[in-house]
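Position 30, counted from 1, in the sequence shown is what the UniProt record's numbering calls 30; the numbers after and before it change by one each time, with no gaps. Note that beta-carbon positions come from the ideal geometry of N, C-alpha and C, so glycine has one too.
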Amino acid sequence: MSNVTHQPKIGFVSLGCPKNLVDSERILTELRTEGYDVVPRYDDADMVIVNTCGFIDSAVQESLEAIGEALNENGKVIVTGCLGAKEDQIREVHPKVLEITGPHSYEQVLQHVHHYVPKPKHNPFLSLVPEQGVKLTPRRRARMRVPGSPRAIMRI
């Protein structure tokens with residue numbers, strides 16, 4: 001009998017702007033802290049999270065294609081991000097998506113993950129997440145989410 005427990009695996013794709021990237025980093029950092037493993041292949045994952053963009057038509061199309069790919073390869077998909085604010089549009093194309101949240105809803109995303117893929121028994125001292133969290137940008141760059149449109153920021 002083995003004491004090795006299954007470590008839940010999450011597939012993740014982040015599309016869109018730097019604000020989405022910050023939300024993706026927050027979600028990934030929390031998942032890693034809780035003991036989930038983040039894997040590059042959807043078919044190796046217990047679930048996939050797609051952080052979408054819904055700002056321009058081409059981004060909407062790319063997001064819908066990414067959701068479709070995740071559904072085809074895995075079947076268990078949570079959608080978040082800007083396109084998530086248009087739940088009806090997503091459900092029309094992909095009715096089998098498990099949950100949909102809007103932008104900046106990383107707490108809800110984590111709650112949905114816990115519902116479908118329960119938290120692993122995890123000792124954070126054995127598998128530490130870097131103090132700065134999971135970063136998707138190079139070391140010399142950092143992204144910070146600032147509420148409001150970029151135009152409003154430029155006027156400041």
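- By the Cβ rule, the stretch 53-64 counts as touching the stretch 78-93, because three or more pairs are nearer than 8 Å.
- Of the other Cβ atoms in all chains shown, 16 or more fall within 10 Å of the Cβ of residue 77; this residue is therefore buried.
- Its chain contains 47, 76, 98 as the residues whose beta carbon lies nearer than 7 Å to that of residue 116, once the 5 sequence neighbours on both sides are disregarded; these appear in chain order.
- Per DSSP, residue 48 is one residue of the beta strand (DSSP E) stretching across 47-52.
- By the criterion of a C-beta distance shorter than 8 Å, residue 74 is surrounded in its chain by 11, 42, 43, 45, 47, 48, once the five residues flanking it on both sides are discounted.
- Beta-bridge annotation (DSSP): residue 37 is paired with 9.
- Across the structure, residue 100 and residue 13 are spaced so that their CA atoms are roughly 15 Å apart.
- The alpha-carbon of residue 7 is positioned some 7 Å away from that of residue 37.
- The three-state reading of DSSP puts residue 78 in strand, counting E and B together.
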